[in-house]
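First to last, the protein sequences are chains A and B.
Its first residue numbered 15, the first sequence is counted upward by one per residue in my numbering.
Its first residue numbered 15, the second sequence is counted upward by one per residue in my numbering.
Even for Gly, the Cβ is constructed at its ideal location relative to N, Cα and C.
2 protein chains.
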Amino acid sequence: MSGEERRRRADAERNHRRVLDAAEELFRTRGLDVGVGEIAERAGVGRGTLFRNFPTKEDLIAAIVVERMQAAAASGRELQSAADPTDALFAFLEQMAGAQQVNRGLFEAIADTWLVNEEIRAGHTEIIGVMDALLARAQAAGSVRDDVSAIDVLFMLKGVCEAAASFSTIDPRIVERHLDLIRAALQPADASRPLRGQPPTLSDIEAAFPEPAPAGDSAPTGQAA
Amino acid sequence: MSGEERRRRADAERNHRRVLDAAEELFRTRGLDVGVGEIAERAGVGRGTLFRNFPTKEDLIAAIVVERMQAAAASGRELQSAADPTDALFAFLEQMAGAQQVNRGLFEAIADTWLVNEEIRAGHTEIIGVMDALLARAQAAGSVRDDVSAIDVLFMLKGVCEAAASFSTIDPRIVERHLDLIRAALQPADASRPLRGQPPTLSDIEAAFPEPAPAGDSAPTGQAA
DNA sequence: ACCTGAACACCGTTCAAGT
DNA sequence: ACCTGAACACCGTTCAAGT
Chain A
15 MSGEERRRRA
25 DAERNHRRVL
35 DAAEELFRTR
45 GLDVGVGEIA
55 ERAGVGRGTL
65 FRNFPTKEDL
75 IAAIVVERMQ
85 AAAASGRELQ
95 SAADPTDALF
105 AFLEQMAGAQ
115 QVNRGLFEAI
125 ADTWLVNEEI
135 RAGHTEIIGV
145 MDALLARAQA
155 AGSVRDDVSA
165 IDVLFMLKGV
175 CEAAASFSTI
185 DPRIVERHLD
195 LIRAALQPAD
205 ASRPLRGQPP
215 TLSDIEAAFP
225 EPAPAGDSAP
235 TGQAA
Chain B
15 MSGEERRRRA
25 DAERNHRRVL
35 DAAEELFRTR
45 GLDVGVGEIA
55 ERAGVGRGTL
65 FRNFPTKEDL
75 IAAIVVERMQ
85 AAAASGRELQ
95 SAADPTDALF
105 AFLEQMAGAQ
115 QVNRGLFEAI
125 ADTWLVNEEI
135 RAGHTEIIGV
145 MDALLARAQA
155 AGSVRDDVSA
165 IDVLFMLKGV
175 CEAAASFSTI
185 DPRIVERHLD
195 LIRAALQPAD
205 ASRPLRGQPP
215 TLSDIEAAFP
225 EPAPAGDSAP
235 TGQAA
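What follows is the structure, encoded as structure tokens:
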């Protein structure tokens, strides 16, 4: 809705990207608590420039997470036209878990940020949308129980990511293994063993965490004046 | 092995506990980044005293996590003699997930700490032991597939805890729901769908992260002199 | 319009002085 | 033997001065 990409000076645009790239590499290889000073240095910019682009370290992390989410969503969309709906769904899950395996704590940053960042919210919505489509196809094909939602699946996937984070250096196959367990959990249910509770939906989350503010005076993002 | 509880002065002992209690409450209600200054103040001791007892903030967090783990292990042991082996196993899982639900980020602190803290290791070993016993009974009874290990189950449980952390304020039944999904995943397998990989074991972890040092010169714990 | 780096605030940790 | 709080170091963030 507020998607007008402001025209920026060439050097500003370049610095933005350099910070993003430097941060991406440092976070990936050394975890989330590398200093912003070091990131600025590696990017070849001053501290101030970094904070001009990303008002807070958390925003910087969020920006990277968002890029990953978009990439994941994109490759998920390609899978929507795959031949086997079930394989497509699990290929997508495997991709996401694999990304976590490579990326230290980046994906975990999603957990705390249901509400925090607006762009993260958008990314989430996007991913849930893709997953929902993949899931629906698999359910229509009768290979996945239909009393689960995409968010249910996302929660289970987070378990796999957790396992990957702490165990994949010991045995990388832990990811496939736990995807198999998810697959077992998702097999069409016999009606005698229904799931308790209701399938979680995006509206549930939106209702619980309403958007902060519809954009008011002196926007902190720096869109005006 | 080095279990000799040093005799401490009465006030020291009391301060130790007061810090632990103050930290427990503040962490539980307000998350892991309350300042140590505030904790010391609430405990009614000086900063220095806090750091005498817990050389680092992380140690303080670990101490609390360890207490929770021991409590969980204890109540798990009671369940070992329950009538229905399967119910006993899942009651245990539900207890642990419930603890997470009440405790903000405490349980999550376990994730990063496979190796870090020696007492956390001990706590982990204890919990895995209890879970292993409960699991073995359920497997012997034929109600749980026998190609999974206690650590497999722990990984799945962490997924549930994650879901609880981010969604239980919206719908608390999310925990039961995902325990049901675990239950489905653990149903005795048909041999045509084996799990990939090997069941993870404690020895895998120990082999990958050998203990730091068998206790040498000038112990940082302050046991000598 | 954007960049820079010195200065600030905050918080975990240390340590000299007390009892 | 243990307690205390002032001092230190570090790191995220701000801002006056530059181009």
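Is the CB-CB distance between residue i and residue j below 8 Å?
| i | j | result |
| --- | --- | --- |
| I134(B) | A164(B) | no |
| A26(A) | T100(A) | no |
| L200(A) | D194(B) | no |
| G137(A) | M83(A) | yes |
| A111(A) | V50(A) | no |
| D161(B) | P213(B) | yes |
| A86(A) | A113(A) | yes |
| L64(A) | A76(A) | no |
| Q94(B) | L148(B) | yes |
| A203(B) | A198(A) | yes |
| G8(A) | D185(B) | This structure cannot settle anything about residue 8(A), because the visible part of chain A is limited to 15 through 239. |
| E140(A) | I78(A) | no |
| L261(B) | R56(B) | With chain B covering 15 to 239 only, the question about residue 261(B) has no answer from this structure. |
| M145(B) | F106(B) | yes |
Using three-state DSSP, classify residue i as helix, strand or coil.
| i | result |
| --- | --- |
| P99(B) | helix |
| H30(B) | helix |
| A205(A) | coil |
| N131(A) | coil |
| S217(A) | helix |
| S180(B) | helix |
| S163(B) | coil |
| Q212(B) | coil |
| S157(A) | coil |
| G60(A) | coil |
| G49(B) | coil |
| L107(A) | helix |
| D185(B) | coil |
| L195(A) | helix |
| F169(B) | helix |
| R23(A) | coil |
| F68(A) | coil |
| Q84(B) | helix |
| L148(B) | helix |
| L200(B) | coil |
| F41(A) | helix |
Show which residues of chain A have a CB atom less than 9 Å away from the CB atom of residue i.
| i | result |
| --- | --- |
| G211(B) | D185, P186, R187, I188, V189, E190, R191, H192 and D194 |
| D218(B) | F181, I184 and D185 |
Using the Cβ count rule (16 or more neighbours within 10 Å means buried), how would you classify residue i?
| i | result |
| --- | --- |
| E92(B) | exposed |
| G90(B) | buried |
| D35(B) | exposed |
| S206(A) | exposed |
| D166(A) | buried |
| E52(A) | exposed |
| S180(B) | buried |
| R32(B) | buried |
| A24(B) | exposed |
| G17(A) | For G17(A), the pLDDT reaches just 43, beneath the cut-off of 50, and the residue's location in the model is therefore unreliable, although a value from the coordinates is still provided. That one is exposed. |
| R28(B) | exposed |
| A102(A) | buried |
| A178(A) | buried |
| D191(B) | Before going on, a small fix: residue 191(B) reads as Arg here, not Asp. Answer is buried; the Cβ neighbour count reaches 16. |
| R159(A) | buried |
| H30(A) | buried |
Identify the contact partners of residue i in chain B, using a Cβ-Cβ distance below 7 Å as the criterion.
| i | result |
| --- | --- |
| P202(A) | Those do not exist, as P202(A) stays about 10 Å from chain B at its closest Cβ, beyond 7 Å. |
Residue i touches chain A at which residues, Cβ-Cβ below 8 Å?
| i | result |
| --- | --- |
| A222(B) | T183 and I184 |
So which residues on chain B does residue i lean against when the C-beta distance must stay under 8 Å?
| i | result |
| --- | --- |
| E176(A) | A125, F169, K172, G173 and E176 |
| A199(A) | L195, I196, A198 and A199 |
Along chain B, which residues have their Cβ under 9 Å away from the Cβ of residue i?
| i | result |
| --- | --- |
| P214(A) | A177, F181, I184, D185, I188 and R191 |
| A111(A) | Within 9 Å Cβ-Cβ: nothing; A111(A) doesn't reach chain B, min ~12 Å. |
| R207(A) | D194, R197, A198 and Q201 |
Any heavy atom of the ligand SAH inside 7 Å of the beta-carbon of residue i?
| i | result |
| --- | --- |
| C175(A) | The ligand SAH is not part of the structure shown, which contains no ligands of any sort. |
| Does the region 161-178 of chain A come close enough to the region 168-182 of chain B to have 3 or more Cβ pairs within less than 8 Å? | yes
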